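Once you know that position 397 of the sequence shown is 1125 in this note's numbering, the rest is easy, because the numbers rise by one and skip nothing. The structure appears right after this line, and notes come after that.
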Amino acid sequence: MKRILRRLLLVLVSVGLIAILWALVQKTQSIDTTAIQQVNSQLRELKQVDATWNLDILRSKMGINKNYDQVTTPLQWLQKNQPALMAAVNQADASGIKQAADELRAAINDKINLVDRFKMQNALLKNSLRFLPTAVGQLRDQIVAVTLSDASIGINNTGQTATPNAFSSNLTKLEATANEMLTELLKYNLAPDEAIKTRVEGLLDNLAAQPSTSYPEQIQAQVDMIVNHARTVLKQKESEDQVLASIEQVPITARIDQLAAQFEQSFEAALKEKEQWRIALIAYSAGLLLLLALAMLAVWRSYRSLDQANAFLEQRVAERTRDLSAALANLRESQLQLIQSEKMASLGQMVAGIAHEINTPLAYVKGGLEILSARMEDVDALVNETSGLMNLMTEEPAGDEASHEQQLAEQFATVQEISSAFVETEAISEINGLLDDGLHGIGQIAEIVSNLKDFSRLDRAKVAEFNVNEGIESTLKIARNIVKHRRIEQQLGAVPLIMCSPSQINQVLLNLINNACQATTEETGVVTIVTRPTEQGLAIEVKDNGQGIHPDHLSQIFDPFFTTKKVGEGTGLGLSIVQRIVKEHGGKITVDSVLGVGTCFTVELPREYQAHREQELSELNQGGIT
């Protein structure tokens, strides 16, 4: 526990030291000068825009600019660039920068408001200035018209023209005053001067002082309109000058310089702070290097102790490895002996059945041979007597001819007697029947041997092309003594040939069929064998209608030495070996069982043989028939 706490404390201290180092490194990161350069560039551009703005206002005042587009252009620049400038200000962690930015923003807003006022007043001024020349011209036309009309009225009855009256003189004076006022007003607009303004006001007073009854109504109305527009020009001109003076007093340039200075101070302060953190990082790094050197010294001492301990430990490990290797070899030997025991048990059952199956035809052959052996004495006698008869018939009589004929007659009678006995007892037919029975028995024995050879496949390669349906037929013939008291139902489908170890697959089939027969009774036992193709190869199902397997045992049936049979009836290795063989072939085996209904084992095998552990597969093939 103390060791764990010590290690935990060491980890925490290391993490803390690394965290401090990381924080110092972050503090000493270089300042991004791009932002300050962009701010300075925007401030310089804003100063240039402000100067151009003032120039455009003066041009609008002088009438050089035909519209107010040049006056509103800076507003578009402000709408586009002011957010970026304000964002840089908000990122700056300095109250002086924010205050200077607020003052600059306020100055810009003041100037925008003043420009709006200038535009409104300048528009009124220009409208009046554009209208006055037209109005004076209209006044002149009206005066001419009235003068001509008055001259016509002044002709007497005798046809002589009257002299110009005072009315015409006044109209002429009125026109001259209006023209003079317009001239002075235009001068005042171009170059505002108090003297000019005074003269204009005096002329306006003269125009306004004329009695309304002195002129026709339309002339008086025109004069009043001219006077009103002229006074509007004077008033708007004065207001415009005041607005322009206010615009000139807006301290945008000063506020820009102030904000730039604040940014510069903030940048220098940040540089100074970075330098202080850099000094702290150097000092901290030196301390860490010293601490690391001490730690490396301690680690070196620890490793030296560990090397000594490892040398001793390697010696102990080598000894333990030798012991474990010997134990593993013994364990493998025991496992192989157990597997061989299971194989021998299966072989014993199979040999017992084969011996029983061979005994029946052997009995036919033995009985027939015993009877043939007895009959061979009669055949031998017949052959000998016939041979004697042939000798008497072919040799010359040595003595009395009558005696020779008598011997010939007696010998012929003996042969005839034996031949008649053969015919009466049907010995030839009996011998032929015995030979047929013997040949039939030998044929059955040959069939059993052929099935045994097909089952074991000892005469073929370990891995070969195999027909599972034929393997099932061979297995059933070999296991005839086991399955003869059960009803075997075969539902063999059109399955493909597979590459496998035939002897091992036959062992799988024999074990599964044997287990199915043992799980059923002789009276009602039914074993169903089904084969069907799959996408990867084929599937084999071995079903029985036995009592089934308890659900608690389903997860254990493939474990080595697990068995539910009575003592002496099984080793508990059959299904374990079956599963091992199936897995070595790249397949799988599953079981589905219902208590009181029965059990179904399903084996799925691929078309191509897949040997994952060739050495273990070779071990499974050892020990004779598998």
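Glycine included, each C-beta is placed from N, C-alpha and C at the ideal position. Model, not experiment: these values are computed from the prediction.
Which of helix, strand or coil does DSSP assign to residue i?
i       : result
Leu1220 : strand
Thr960  : helix
Val741  : helix
Lys1212 : coil
Glu1332 : strand
Ile748  : helix
Ser1283 : coil
Thr862  : helix
Ile732  : helix
Thr1049 : helix
His1168 : helix
Glu1113 : helix
Ile947  : helix
Tyr1012 : helix
Glu1250 : coil
Tyr1337 : coil
Ala919  : coil
Pro1089 : helix
Thr911  : helix
Phe846  : helix
Thr875  : helix
Gln1264 : coil
Glu1124 : coil
Phe991  : helix
Thr900  : helix
Asn885  : A caution first: Asn885 carries a pLDDT of 35, below 50, which makes its placement in the model unreliable, though a value can still be read off. Here Asn885 sits in coil by DSSP.
According to DSSP, which residues form a beta bridge with residue i?
i       : result
Val1258 : Gln1219 and Glu1269
Phe839  : Here residue 839 turns out to be Lys, not Phe, going by the sequence shown. In the DSSP output, where bridge partners are listed per residue, Lys839 has none listed.
Ala1192 : Cys1228
Ser1321 : Thr1327
Lys1000 : Answer is none; Lys1000 lacks a bridge partner.
Lys1316 : Glu1332
Check whether the Cβ atoms of residue i and residue j lie closer than 9 Å to each other.
i       : j       : result
Thr756  : Leu1009 : yes
Val955  : Leu935  : yes
Gly1253 : Asn1273 : yes
Val1191 : Leu1266 : no
Val1236 : Val1319 : no
Leu1110 : Val1143 : yes
Ile1317 : Val1325 : no
Ile1277 : Thr1327 : yes
Phe859  : His957  : yes
Lys775  : Ile984  : yes
Leu899  : Tyr943  : yes
Thr926  : Asp778  : no
Ile1233 : Phe1194 : yes
Val1211 : Ile1241 : yes
Val1255 : Gly1166 : no
Val978  : Leu842  : yes
His1281 : Phe1289 : no
Leu853  : Asn782  : no
Arg1335 : Gln1264 : yes
Pro1089 : Ile1170 : yes
Starting from residue i, follow the alpha helix (DSSP H) in both directions and report where the run begins and ends.
i       : result
Asp1379 : A query on residue 1379 cannot be resolved here, the shown segment of the chain reaching from 729 to 1354 and no further.
Ser1131 : Glu1129 to Glu1152
Val1306 : Gly1302 to Glu1312
Glu1201 : Val1196 to Ile1206
Between which two residues does the beta strand (DSSP E) containing residue i stretch?
i       : result
Ile1226 : Ile1226 to Cys1228
Val978  : Segment: none, Val978 is in no beta strand (DSSP E) and carries neither H nor E.
Val1325 : Neither: Val1325 is in no beta strand (DSSP E) and is coded neither H nor E.
Are the C-beta atoms of residue i and some chain B residue less than 9 Å apart?
i      : result
Ala906 : Looking at the structure shown, chain B is missing, and only one protein chain is on hand.
Evaluate the contact criterion for the region 995–1012 versus the region 940–956: three or more CB pairs, one atom per stretch, below 8 Å. no
Are the region 1221–1230 and the region 1240–1247 touching by the rule of at least three beta carbon pairs closer than 8 Å? no
Taking one C-beta from the region 863–873 and one from the region 901–916 each time, how about it: are there three or more such pairs within less than 8 Å? yes
Contact between the region 922–933 and the region 959–979: three or more CB pairs below 8 Å? yes
Count Cβ pairs between the region 1096–1108 and the region 1152–1165 that sit closer than 8 Å; are there 3 or more? yes
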